[in-house]
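First the structure, in the form of structure tokens, and then the observations on it.
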Amino acid sequence: MRIGRINKYSQENFDRTKESGLSFIEICCNNAEEAEQFINAKDEVKKQVLRTGIDISSVGRWNHDLNENGKVNEEKAAQYFALMDVAVELGAKTFVCGINRDNSISLYRNYINAVEFFGKLIEHADGRIKVAIQNCNWNNFVVSPEEWKVVLGELPDLYIKYDPSHAYNRNADYLAELSDWGDRIAHFHVKGTTHAGSRGVDDPPAGMDDIKWGSVFAILYARKYNGDLSIEPHSGTWLGELGNFGVEFTRDYIKKFVF
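Spelled out as structure tokens, the structure:
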């Protein structure tokens with residue numbers, strides 16, 4: 493397993509990632525505008541990859557709004573295919589995405605739209621890159637075993653990008669999910685989260701949080717996961733220089749589990 497992080501793709505961020513002793517950058521595009529900017533910046537990103545030796549492990553599109561009015565908006569979907577092509581060109585291993593629920597139609601119809609959309613993404617990937625669904629529910633409804641049984645059950649070449657904090661924050665059993673679905677995980681996020689009573693407090697560096705990271709890695713090894721581990725800074729407290737320290741703390745903590 494390799495350890496890297498979610499980051500922006502400026503020269504400064506490539507340099508910071510390398511100085512931190514990390515192996516890769518993950519790109520997360522949170523809307524159509526960010527996706528378009530990344531697509532247009534691909535040549536500059538290539539230069540930074542060659543200059544630093546820090547590769548792009550995963551490219552993702554988040555915050556989905558393409559499932560609307562009873563069907564998948566083909567114009568919006570086209571950007572996902574274009575973003576995937578850039579991910580492939582940059583040598584990424586995984587393309588991460590999801591699909592929003594359209595409340596104007598039944599759950600059954602939403603499942604049909606999801607299976608058709610992800611099926612088209614897999615067909616477009618054509619073995620060049622793995623397509624993985626995020627387990628984050630930010631405008632995405634395919635987040636847990638209930639949905640995976642339907643969607644991944646229909647699409648054997650569809651995978652999961654797993655982040656234990658999302659399941660924990662939903663009061664789900666993240667260790668059971670990891671154990672049961674570990675063979676379908678293509679990419680893994682390392683993000684801490686802490687609750688006080690029933691309330692979320694913050695998403696501090698992994699190792700200062702509530703997640704049972706020892707058990708997580710025991711299951712990952714048992715399920716023969718050998719993909720990348722992507723640190724996700726996601727805190728309103730750990731920012732600036734403190735945020736840089738937090739990433740380095742997580743790096744050093746997670747290294748104890750990587751052999």
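The sequence shown maps to residues 493 to 751 in my numbering. Even glycine gets a Cβ: it sits at the ideal position worked out from N, Cα and C.
Cutoff 7 Å; reference residue i; Cβ partners in own chain excluding five residues on either side
i	result
residue 584	548, 549, 550, 551 and 621
residue 520	498, 552 and 554
Neighbour flag for residue i against chain C, beta carbons, 8 Å
i	result
residue 681	No chain C is present in this structure, which holds just one protein chain.
Same chain, Cβ closer than 6 Å to residue i, five either side skipped, listed in chain order
i	result
residue 724	498, 681 and 683
residue 544	506 and 510
residue 559	591, 592, 594 and 605
residue 654	627, 677 and 680
Exposed unless 16 or more other CB atoms sit within 10 angstroms - verdict on residue i
i	result
residue 639	buried
residue 693	exposed
residue 518	buried
residue 662	exposed
residue 760	No answer is possible for residue 760: it lies beyond the span of the chain, which begins at 493 and ends at 751.
residue 600	exposed
residue 644	buried
residue 650	buried
residue 656	buried
residue 452	With the chain running from 493 to 751 in the structure shown, residue 452 is simply not present.
Residue i to residue j span [Cα, whole Å]
i	j	result
residue 527	residue 568	11 Å
residue 571	residue 677	24 Å
residue 706	residue 749	7 Å
residue 494	residue 596	42 Å
residue 719	residue 512	20 Å
residue 721	residue 623	16 Å
residue 503	residue 668	40 Å
residue 739	residue 598	42 Å
residue 743	residue 708	16 Å
residue 616	residue 586	13 Å
residue 687	residue 613	36 Å
residue 704	residue 685	11 Å
residue 525	residue 589	16 Å
residue 619	residue 625	16 Å
Beta-carbon proximity of residue i to residue j, cut-off 8 Å
i	j	result
residue 457	residue 532	In this structure the chain extends from 493 to 751, so residue 457 is not present and cannot be described.
residue 537	residue 575	no
residue 609	residue 642	no
residue 634	residue 658	no
residue 695	residue 727	yes
residue 629	residue 652	no
residue 741	residue 699	yes
residue 647	residue 607	yes
Cβ-based neighbour list, residue i, same chain, cut-off 8 Å, excluding 5 preceding and 5 following
i	result
residue 714	671 and 674
residue 534	578, 581 and 582
Mind pulling the alpha helix (DSSP H) runs of 4 or more residues that sit fully within the region 679 to 750?
Taken in chain order, the unbroken stretches of alpha helix (DSSP H) that lie wholly in the region 679 to 750 and span 4 residues or more are 705 to 714 and 732 to 747.
Inside the region 615 to 681 only - beta strand (DSSP E) runs reaching at least 3 residues
Entirely contained in the region 615 to 681, the beta strand (DSSP E) runs reaching 3 residues are, in chain order, 622 to 626 and 650 to 654.
Going residue by residue through the region 497 to 544, where are the continuous beta strand (DSSP E) segments of at least 3 residues, counting only ones entirely within it?
Counting only runs of 3 or more, we get 516 to 521.
As an exercise, report each continuous alpha helix (DSSP H) stretch of at least 4 residues that is fully enclosed by the region 552 to 618, in chain order.
If we require 4 residues or more, the alpha helix (DSSP H) runs fully inside the region 552 to 618 come out as 566 to 581 and 599 to 617.
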